[in-house]
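**Student:**
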Amino acid sequence: MTLRRRIFSTDHRTIGKQYYFLGLFSVLLGVALSLVMRYHVVRPKALGGAISPELYLSLMTMHGTLMVFFVLTVVPQSAFGNYFLPLQIGAREMAFPRLNMFSFWTTAASLAVLLSAFFVEGGAPISGWTAYPPLSAVGRIAGPGEGLGQTLWIVSIGIFCVASVMGSINFVATIADLRCKGMTLMRMPLPCWSWLITALLSLLAFAVLLGAAVLLLLDRSAGTSFFLPAGLYFNDTSIPGRAGGSPLLWQHLFWFFGHPEVYIAIIPGMGIVSHVLSAFSRKPVFGYRAMVYAMIAIAFLGFVVWGHHMFMSGMSPYSAVAFSLLTLAIGVPSAIKTFNWIGTMWGGRLRFTTAMLFAIGFVSVFVTGGLSGIVLGQPALDLYFHDTAFVVAHFHMIMGVAATFGIFAGTFFWFPRMFGRTLNERLGKLHFYLTFAGVYALFIPMHLLGLAGTPRRYPDFTSVDFLGALMPLHRFITHAAYTVAAAQLIFVANLFWSLKKGPRAALNPWEATTLEWTDAAHPVVHHGPYEYSSPGAPADFTMQTDAPNIRSEA
Amino acid sequence: MMKNMPAARDVVQGPPPPPPVDRGWGDGDGSDGRGADRRASFTGLFVLLAATIMVFAALTSAFIVRRGMSDDWTSLHKPPILWVNTAILLASSFLLDISRRALKARHRTKFNFWWSAGTVLGILFLVGQAFAWRQLRNEGVFIATNPSSSFFYVLTAAHAVHLLGGVTALVYVDVQALRLQLGPAKRTAIDISAIYWHFLDALWIYLMVLMYVWG
C-alpha cells in the first residue's frame, strides 16, 4: 500500500516531486563532474595524472547528458508541470495517471542505465552529449568509453525518448480536455501555455531522436553503415566492412532534435518567470497574448534552424544563409518576450522575494545569453567561433543558467504549495546574489577564452603557447565555478531544512491569482490569470475563482 | 457460472454518448467524468500517432538521404509473402470495423467473433513478417548486407514493434469482451485500439510503397 502510494504513485503531485528530486540528484552529480573538470583544467598535472584526457571527456559527456536530459528537460517540464498543470487548470488529475507513473519510472530507468556506464569496462562514453559518429559508432577502438559505455548511453537516451513521448501525451491531453469550467485557453496561466508548447516540441523532437538512436545502435552492434563511410582508420587500424554511410546524416537527425531540445529546456522557464514577475509586480502580464504567440513562434522557428549547428560541417552557403536568417528571426519573439517582462515590471509595486529575484535574474541571463546567440547564428562568425569556449559560454548562459534560474524561481514560488512550508528568504537571497554574480564571473570570461581561440573539450592547455597564456583567466573561471557550486550548497541546505523546519505557509502566501492557490474541489473560473491591481477591485489581486461581479475591467 | 453474472454487465446500454461538441474549450467541468475522459483518450491517441509519424519520418529521411548520396545501394529482392501479409493486415482492419458495426447494432456475439477474428489476423501478420525475415535470412540477406536490407529490417521491425502494442490492445479488448466485461466505458478502448490499428495499416501501406518504389 505504501509502495503504491509513495513509490509507484499515480498522483500527479507525488510524481511531480519524484521528478523534482530525480532532477536534484542529477544536477548535484552534474555539478560535481563539472568541478572535477574545472579543477583539472587549471591543474592538469595534479592527482598524479589520474585524470586522463579520455576520463576528462567522459566526465564532460556525462555532465552534458545529465544536465540536458535529466535536469533541464525533467525539472521545468515534468516536475513543475506534473505538479502544477492540473492545479492551474482546475483538473483533478493528469489525463492518464498510470501512464504518468510509467513515464516517471521509465525516466528513472533511463537514468540508471546512463549512470551504469560509469561502472562498465572502459567507463563512460567520451563522445559528448551529441555523440557524433563515426567516433560514436565504431566501438572500443575509438576510445575506452566507446565500448559498452557508449552503447549504454544510446540505450539510455532511447528509453528517455519513450518516457518523454509518454509525458507529452499526458500534457497535451490534459490541457486539451480537462480544463475546468471557465478556463478558456486564453485564461490559462502562462506556465500552462509553456508546458503545452514544450510538450508538443518534445513529442516531435524526441520521436526523431529515437529513430536516430536506433540507427546509431545498429551501426555499433549490427554492422550496418547508416552513419559510417568507407575507409575509416582509427588508431592505426582500419575499419572493414563499412561503406556508404554519412556522419552528416546523424548530425541532421540529431540537431533536428537538438535545437528544439534547447527550447524544451527554456520555454517552461519563460512561463514560470512570466507568472512570478506578474505576481510580484502586482501587475498583469504585459501583453499576455503576445507572450503566448511569441512562445509559439519560438517553438516553430526552433524546428527550422537546426542547420546553424552545422555551419562547419560542410554546408552549402545558400542553406547556411537560410538557416542563419531563420536563426536571427528568433530574436524577434525573444525580444517581444523580454520587452514584455520589463513592461510587466514597469511601474509595478515590486516585491523583491527570492522568487522575484531569480525571475529578474532569468531575464538578465536570457538577454546576455541571447546576444551571443546572434553572434553565433551568422555563418561567417561561426566559422571562427565553432567549437570554441565561446559556444560553451553561450549555451551555458542561455540554456543552463537561464533555465536553472527559471527552476529556482519556480522552486521558491511554489515551495509553499508543494510542501506546505516556506523556504528561508534570507538564505534564498544570499543564494541568489552569490549565484547571480558567480555565473557572470564564470561565463563572461569564458566568452573571452573563445574569442582568443580556446577550443572546447580540450582537457589541458598548458603546453600550447597562445592558450597557456590564458591560464590566469582559466583560474578565475574555476574559482567562480567553485563559488557558484558552494552557493548551491546554501540552496540544498535551505531546501532540506525548510522541508522539515520551515515556517508553515498560508494557502495563498504570495497573494497570487491563479488556481494553484485555492483549495476548491470544483473551481469555476471567472477571470483572466493575472488580474492584479484591477481598478475598483476590493483587493489588489482578483483570484480566477472570484465571483464575476468583483471584476472591473477584464 | 454464466447465471451468476449480473445481467446488467453484459448488456450494452446503447451507443456511447457522443463527444461533447464544445471540444473542451474551457466549458467542461474539469471532472474525470466520461465525456472528458473519452475526449482526453482521443487527444492522447492523436498525440501518440503524431509521435509515431515523426519516428517514421526520421527513418524515411534517413532512407532518402542514405539512398541518394551513395552508390552502394542495390535493390532488395523482397519476399513475396509481404503481399500476403499486406492482405492479412488489411483484412484484420476490415474485420475490426465489421465488429464495431456489429456492436453499434448491439450484436454482442457478432462483435466478439469478428473482433477475435481480427485479432487473430493481426497476430498472423506478425507471424508472416517473421516468415519474411526468415526467408531473407535463408537467402543470405542480413541487416548489414546492403543499406536496402538494413532499412528493410529497420522499417519492418519498427512497424512490428508498434504493431505489437496494437495487438496487445486488441487482445485486451477481446479478453474483456469474451469475459463479458465490456461495459459502456470500455467503448473508448475499442475505438482507440481500432483507430490505432487502422493507422498501423496505413503506415504499413506507406512502408510497402517506400520499399517497393525506392527500396
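Here the protein sequences come in this chain order: A and B. Going letter by letter, the first sequence gives residues 1 to 554 in my numbering. Going letter by letter, the second sequence gives residues 1 to 215 in my numbering. Yeah, the Cβ is synthetic: ideal placement off N, Cα and C, and Gly gets one too. Predicted model only: the values in this text are computed from it and were never measured.
Going by CA-CA distance only, name the one from Arg66(B), Val161(B), Ile190(B) that's closest to Thr38(B).
**Tutor:** In the second sequence, counting from the first residue as 1, residue 38(B) sits at position 38. Note that residue 38(B) corresponds to Arg in the displayed sequence, not to Thr. The shortest Cα separation from Arg38(B) among Arg66(B), Val161(B), Ile190(B) belongs to Ile190(B).
**Student:** Leu136(B) to Gln150(A), Cα distance in whole Å?
**Tutor:** On the second sequence, position 136 is the one that residue 136(B) refers to. On the first sequence, position 150 is the one that residue 150(A) refers to. Answer to the nearest angstrom: the Cα atoms are 30 angstroms apart.
**Student:** Counting only Cβ pairs nearer than 8 angstroms, list the residues of chain B close to Ile267(A).
**Tutor:** Counting from 1 along the first sequence, the entry for residue 267(A) is found at position 267. Those do not exist, as Ile267(A) stays about 18 angstroms from chain B at its closest Cβ, beyond 8 angstroms.
**Student:** Considering only their Cβ atoms, is the gap separating Phe227(A) from Gly211(A) smaller than 8 angstroms?
**Tutor:** Here residue 211(A) refers to the residue found at position 211 of the first sequence. Here residue 227(A) refers to the residue found at position 227 of the first sequence. Against a cut-off of 8 angstroms, the Cβ pair of Phe227(A) and Gly211(A) comes out as no contact.
**Student:** Name the residue from Phe352(A), Val439(A), Ser463(A) whose alpha carbon lies nearest to the alpha carbon of Ala409(A).
**Tutor:** Working through the first sequence from its first residue, we reach residue 409(A) at position 409. Among Phe352(A), Val439(A), Ser463(A), the Cα nearest to that of Ala409(A) belongs to Phe352(A).
**Student:** With a cut-off of 8 angstroms, does the C-beta of Asp29(B) fall near any C-beta of chain A?
**Tutor:** For this step, residue 29(B) is matched to residue 29 along the second sequence. Here the model assigns Asp29(B) a pLDDT of 44, short of 50, so the residue's position is not dependable, and the following value carries that caveat. Cβ-Cβ to chain A under 8 angstroms: yes for Asp29(B).
**Student:** Using a Cβ-Cβ cut-off of less than 8 angstroms, give me the residues of the stretch 57 to 89 of chain B that come near chain A, in sequence order.
**Tutor:** Cβ contacts with chain A: Ala57, Ala58, Leu59, Ser61, Ala62, Val65, Arg66, Met69, Ser70, Asp71, Asp72, Trp73.
**Student:** Quickly, what does DSSP pair Thr237(A) with across the bridge? List them, please.
**Tutor:** For this step, residue 237(A) is matched to residue 237 along the first sequence. Phe234(A), per the DSSP bridge assignment.
**Student:** Between which two residues does the alpha helix (DSSP H) harbouring Ile123(B) extend?
**Tutor:** Counted from its first residue, the second sequence places residue 123(B) at position 123. Per DSSP, Ile123(B) belongs to the alpha helix (DSSP H) from 108 to 138.
**Student:** Nearest CA to the CA of Phe490(A): which residue from Glu531(A), Arg426(A), Arg457(A)?
**Tutor:** In the first sequence, counting from the first residue as 1, residue 490(A) sits at position 490. The sequence shown places Ile at residue 490(A), rather than the Phe named in the question. The candidate whose alpha carbon is nearest that of Ile490(A) is Arg426(A).
**Student:** Alpha carbons only, please: which of Gly241(A), Leu301(A), Lys283(A) is nearest the one belonging to Ile267(A)?
**Tutor:** Within the first sequence, the letter at position 267 stands for residue 267(A). With distances taken between Cα atoms, Ile267(A) lies closest to Leu301(A).
**Student:** What do you get for Phe69(A), buried or exposed, if any count of 16 or more other CB atoms within 10 angstroms of its CB means buried?
**Tutor:** Here residue 69(A) refers to the residue found at position 69 of the first sequence. Per the 10 Å Cβ criterion, buried.
**Student:** In angstroms, rounded to a whole number, what distance separates the CA positions of Gly128(B) and Val154(B)?
**Tutor:** The residue labelled residue 128(B) in the question sits at position 128 within the second sequence. The residue labelled residue 154(B) in the question sits at position 154 within the second sequence. For Gly128(B) and Val154(B), the distance between alpha carbons rounds to 16 angstroms.
**Student:** Within 8 angstroms of any Cβ in chain B, is that where the Cβ of Ser194(A) sits?
**Tutor:** Taking the first sequence and counting its residues from 1, the one referred to as residue 194(A) is at position 194. So no, Ser194(A) is outside the interface.
**Student:** Alpha carbon to alpha carbon, how far is Leu499(A) from Gly428(A)?
**Tutor:** By 1-based counting over the first sequence, the position of residue 499(A) is 499. By 1-based counting over the first sequence, the position of residue 428(A) is 428. Going from the Cα of Leu499(A) to the Cα of Gly428(A) covers about 14 angstroms.
**Student:** Quick one: is Thr43(B) near chain A, going by C-beta distance under 8 angstroms?
**Tutor:** In the second sequence, counting from the first residue as 1, residue 43(B) sits at position 43. Interface residue, yes.
**Student:** Establish whether the CB of Thr545(A) and some CB of chain B are separated by less than 8 angstroms.
**Tutor:** For this step, residue 545(A) is matched to residue 545 along the first sequence. Not an interface residue.
**Student:** Below 8 angstroms between beta carbons: does that hold for Leu152(A) and Ser26(A)?
**Tutor:** In the first sequence, counting from the first residue as 1, residue 152(A) sits at position 152. In the first sequence, counting from the first residue as 1, residue 26(A) sits at position 26. No; because the gap between Cβ atoms is not below 8 angstroms, this pair is not in contact.
**Student:** Output the distance between the C-alpha atoms of Ala205(A) and Ala537(A), rounded to the nearest integer angstrom.
**Tutor:** Taking the first residue of the first sequence as position 1, residue 205(A) is located at position 205. Taking the first residue of the first sequence as position 1, residue 537(A) is located at position 537. Straight-line Cα distance between these residues: approximately 45 angstroms.
**Student:** Pull the bridge partners of Pro455(A) from the DSSP assignment, please.
**Tutor:** Taking the first sequence and counting its residues from 1, one reaches residue 455(A) at position 455. In DSSP, Pro455(A) forms a bridge with Thr388(A).
**Student:** Which residue's Cα is closest to the Cα of Ile374(A): His308(A), Ser319(A), Val304(A)?
**Tutor:** Residue mapping note: residue 374(A) aligns to position 374 of the first sequence, counting from 1. It is His308(A).
**Student:** Relative to the C-alpha of Gln378(A), which residue among His394(A), Thr388(A), Phe395(A), Leu325(A) is closest?
**Tutor:** Taking the first sequence and counting its residues from 1, one reaches residue 378(A) at position 378. When each option's Cα is compared against that of Gln378(A), the closest is Leu325(A).
**Student:** Indicate whether the contact test is met: 3 or more Cβ pairs, each with one atom in the stretch 311 to 320 of chain A and one in the stretch 274 to 289 of chain A, closer than 8 angstroms.
**Tutor:** Touching, no, given that fewer than three Cβ pairs across the two stretches are closer than 8 angstroms.
**Student:** Determine the chain B residues that contact Ile169(A) at a beta-carbon separation under 9 angstroms, and present them in chain order.
**Tutor:** Translated into the one-based positions of the first sequence, residue 169(A) becomes position 169. In chain order: Thr43, Gly44, Leu45, Val47, Leu48, Ala51.
**Student:** Only counting the same chain, and skipping five residues up and downstream in sequence, which positions put a Cβ closer than 8 angstroms to that of Ala91(A)?
**Tutor:** Sequence index remark: in the first sequence, residue 91(A) carries index 91 (1-based). Only Leu85, Thr174, Leu178, Arg179, Cys180 meet the Cβ criterion.
**Student:** So is Phe69(A) in contact with chain B if we call contact Cβ pairs under 8 angstroms?
**Tutor:** Position 69 of the first sequence holds residue 69(A). Not an interface residue.
**Student:** Between which two residues does the alpha helix (DSSP H) containing Tyr263(A) stretch?
**Tutor:** The residue labelled residue 263(A) in the question sits at position 263 within the first sequence. Looking at the DSSP string, the run of the alpha helix (DSSP H) that includes Tyr263(A) is 247 to 281.
**Student:** Measuring alpha carbon to alpha carbon, tell me which residue in Gly406(A), Phe257(A), Ile7(A) is nearest Met54(B).
**Tutor:** The sequence position of residue 54(B) within the second sequence is 54, counting from 1. Met54(B) has its Cα closest to that of Phe257(A), out of Gly406(A), Phe257(A), Ile7(A).
**Student:** Put Val304(A) into one of helix, strand or coil per three-state DSSP.
**Tutor:** The residue labelled residue 304(A) in the question sits at position 304 within the first sequence. Reduced to three states, the DSSP call for Val304(A) is coil.
**Student:** Whose C-beta lies closer than 8 angstroms to the C-beta of His526(A) among residues of the same chain, with five residues either side of it excluded?
**Tutor:** What you label residue 526(A) is simply residue 526 of the first sequence in a count that begins at 1. Gly182, Gln544, Thr545, Asp546, Ala547, Pro548, Arg551.
**Student:** Just to confirm, are Arg456(A) and Val392(A) a CB contact at a threshold of 8 angstroms?
**Tutor:** In the first sequence, the residue the question calls residue 456(A) occupies position 456. In the first sequence, the residue the question calls residue 392(A) occupies position 392. In contact: Arg456(A) and Val392(A) (Cβ atoms closer than 8 angstroms).
**Student:** Whole-angstrom Cβ separation of Ile157(A) and Leu209(A), contact assumed at under 8 angstroms?
**Tutor:** Here residue 157(A) is taken as the residue at index 157 of the first sequence, counted from 1. Here residue 209(A) is taken as the residue at index 209 of the first sequence, counted from 1. Right, their Cβ atoms sit about 7 angstroms apart.
**Student:** So, does the CB of Thr224(A) fall closer than 8 angstroms to a CB anywhere in chain B?
**Tutor:** Working through the first sequence from its first residue, we reach residue 224(A) at position 224. Cβ-Cβ to chain B under 8 angstroms: yes for Thr224(A).
**Student:** If we call anything under 8 angstroms between Cβ atoms a contact, is Val113(A) one with Ile159(A)?
**Tutor:** Numbered from 1 along the first sequence, position 113 holds the residue referred to as residue 113(A). Numbered from 1 along the first sequence, position 159 holds the residue referred to as residue 159(A). Against a cut-off of 8 angstroms, the Cβ pair of Ile159(A) and Val113(A) comes out as a contact.
**Student:** Please report the straight-line C-alpha distance between Ala520(A) and Tyr530(A), rounded to a whole angstrom.
**Tutor:** The sequence position of residue 520(A) within the first sequence is 520, counting from 1. The sequence position of residue 530(A) within the first sequence is 530, counting from 1. Each residue's alpha carbon lies about 19 angstroms from the other.
**Student:** Spatial neighbours of Gly30(B) within its chain, please: C-beta separation below 8 angstroms, excluding the five flanking residues on both sides.
**Tutor:** As a working mapping, residue 30(B) is identified with position 30 in the second sequence. Any answer about Gly30(B) is weak, because its pLDDT of 42 lies below 50 and its placement is not dependable; what the coordinates show is given next. Closer than 8 angstroms at the Cβ level, and outside the excluded window around Gly30(B), lie Ala36.
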